[in-house]
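Novice:
In full-length UniProt numbering, the protein residues as written are 1 to 470.
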């Protein structure tokens, strides 16, 4: 047996933020491209023997997605004991994607709900932050800004794929994200099953014999006692997480062929802030001469994070950030007010870089990069931490949060913190990090003086007003 991992000694604090799951490092497969993600989803779903769990923002309505539906149908057909549970966002999942055929995420699953009613449970989570008169007047496309179900967890039996990617054709084709497949991890799967089921019990269920989704909980999120609804969900989640923290406590040792996985849950509306607290602790306690690589698809860092990264970090550490260039932003070329969103993110970058350059004496202390790949958009997020003089990262985080205000305050988020001394797994995460950053262009305060990057006079005002919604 390999000796106890030195990384656990330095990073044993990460177990303070969630239950500690230990898995063989060889069970972790890093996927690099959207096509790999789609291929593994198809294979994982079609081979399911007991259960399929899907937690996502929404489900697309194009041929790729119909192929996934066929894979799921194949598993349901082969064995009537196979169970399918889907949790999507109510507002995004009800939005019409194909206006010609009037298809939505909900309508994509309706044939399965009707044919396999005893096997399929389909849920839609509605944010309690949008209620009352406000819910009646906010247009459909904008109502999602108040908060969504944003966890991206895809499971079949004891296999789990975690990502920041939705189940939509662009995420299978030319929208870059991150994807991690964990094989044979029953305890971790059970944890996320329980998280999904807890949210599902306070969500709306779509049934074959009802036109409208039926709310299952005691307190309605937007028509009933909103405060009681939030308290009820908070109580159930805290109880669940406490149970798992006791069952899977801080490990005493970690061998070199293992990885320690901590699920970080962020649901600010329910006072669950494990992911936020983890990040703040990490930024303010970076190891000596370490290097931290941060990625976010939408650069809208909270002031709390910003303060830790710029003002409180060690001067001997280096931080590199990667975000979407305006052209790689998912809102680029949108219609209506959405077309101004890339301008807002660009303004956030400019303000951050100006502040960092004034604070840091060494221009390598904090660097910003913008992802650009012709005909591609960018949606990857997470972090990689490299210890002093180490070629590969000791710690990575992967999942749905974007390090922004809405991730902390408005959305349901989940990611994994993964700590390992296993060189093969570290090498995979290193390769992933380098692949993303190699498409990044270094930007400085001079970049934003170029005519193409000068924001309209209303740009800063736009983001100050709306920064908590994007």
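C-beta atoms are modelled at their ideal positions from N, C-alpha and C, and glycine is treated no differently. Predicted model, so just to flag it, every value in this text is computed and none were measured.
Per DSSP, which one or two residues make a beta bridge with residue 193?
Specialist: What you label residue 193 is simply residue 193 of the chain shown in a count that begins at 1. None; residue 193 has no bridge partner.
Novice: With the cut-off set at 8 Å, would you say residue 48 and residue 194 are in Cβ contact?
Specialist: Numbered from 1 along the chain shown, position 48 holds the residue referred to as residue 48. Numbered from 1 along the chain shown, position 194 holds the residue referred to as residue 194. No.
Novice: When you compare each of 282, 300, 359 to residue 387 by their alpha carbons, which one comes out closest?
Specialist: Within the chain shown, numbered from 1, the residue matching residue 387 stands at position 387. Cα-wise, what sits closest to residue 387 is 282.
Novice: What three-state label does DSSP hand residue 282 in the structure shown?
Specialist: Translated into positions along the chain shown, residue 282 becomes position 282. In the structure shown, residue 282 sits in a helix (DSSP, three-state: H, G or I).
Novice: Which one of 348, 9, 389, 128 has the shortest CA to CA distance from residue 289?
Specialist: One-based indexing of the chain shown puts residue 289 at position 289. Minimum Cα distance to residue 289 is reached at 389.
Novice: Run the CB neighbour count on residue 119, radius 10 Å, all protein chains shown included, and call it buried at 16 or more, exposed below.
Specialist: Along the chain shown, read from residue 1 onward, the residue named residue 119 stands at position 119. So residue 119 ends up on the buried side.
Novice: Of the choices 210, 468, 161, 172, whose alpha-carbon is the least far from that of residue 186?
Specialist: Residue numbering aside, residue 186 sits at position 186 when the chain shown is read from its first letter. Comparing Cα-Cα distances from residue 186 to each of 210, 468, 161, 172, the minimum goes to 161.
Novice: Thinking C-beta only, is residue 196 closer than 8 Å to residue 90?
Specialist: As a working note, residue 90 is residue 90 in the chain shown. As a working note, residue 196 is residue 196 in the chain shown. Not in contact: residue 90 and residue 196 (Cβ atoms no closer than 8 Å).
Novice: In the DSSP assignment, what are the bridge partners of residue 399?
Specialist: If you number the chain shown from 1, residue 399 lands on position 399. The partner list for residue 399 (beta bridge, DSSP) reads 415.
Novice: Might you give, ordered along the chain, the residues of its own chain that have their beta carbon closer than 8 Å to the beta carbon of residue 325, omitting 5 neighbours on each side?
Specialist: Sequence index remark: in the chain shown, residue 325 carries index 325 (1-based). Excluding sequence neighbours, residue 325 sits near 370, 371, 372, 378, 441.
Novice: Mind checking residue 3: buried by the 16 CB within 10 Å criterion, or exposed?
Specialist: As a first step, residue 3 must be located in the chain shown, where it is residue number 3. Because residue 3 carries a pLDDT of 46, less than 50, the predicted location of this residue cannot be relied on, and the following value inherits that uncertainty. Residue 3 is exposed by the Cβ-count criterion.
Novice: Nearest-angstrom Cα distance between residue 218 and residue 231?
Specialist: As a working mapping, residue 218 is identified with position 218 in the chain shown. As a working mapping, residue 231 is identified with position 231 in the chain shown. Those two C-alpha atoms are separated by around 11 Å.
Novice: Can you say whether residue 464 is buried or exposed, counting buried as having 16 or more other CB atoms within 10 angstroms of its CB?
Specialist: Position 464 of the chain shown, counting from 1, holds the residue named residue 464. Flag for residue 464 reads exposed.
Novice: Terminal residues of the continuous alpha helix (DSSP H) containing residue 151?
Specialist: The residue given as residue 151 occupies position 151 in the chain shown. Taken as a continuous stretch (DSSP letters only), residue 151 belongs to no alpha helix (DSSP H), as it is neither H nor E.
Novice: Bridge partners for residue 55 per DSSP, in chain order?
Specialist: For the purposes of this step, residue 55 is taken as residue 55 along the chain shown, with counting starting at 1. Residue 55 pairs with 87, 153.
Novice: Would you check if the distance between the CB atom of residue 30 and the CB atom of residue 106 is smaller than 8 Å?
Specialist: Residue mapping note: residue 30 aligns to position 30 of the chain shown, counting from 1. Residue mapping note: residue 106 aligns to position 106 of the chain shown, counting from 1. Not in contact: residue 30 and residue 106 (Cβ atoms no closer than 8 Å).
Novice: To the nearest angstrom, how far is it from the Cα of residue 136 to the Cα of residue 176?
Specialist: As a working note, residue 136 is residue 136 in the chain shown. As a working note, residue 176 is residue 176 in the chain shown. Each residue's Cα considered, the two are about 35 Å apart.
Novice: Please report the straight-line C-alpha distance between residue 268 and residue 87, rounded to a whole angstrom.
Specialist: The residue you call residue 268 lines up with position 268 of the chain shown. The residue you call residue 87 lines up with position 87 of the chain shown. If I take the Cα positions, the gap works out to 19 Å.
Novice: Cutting at 6 Å between CB atoms, please list the residues of its own chain near residue 427, excluding the five before and the five after it.
Specialist: For the purposes of this step, residue 427 is taken as the residue at position 427 of the chain shown. Cβ within range, chain order: 392.
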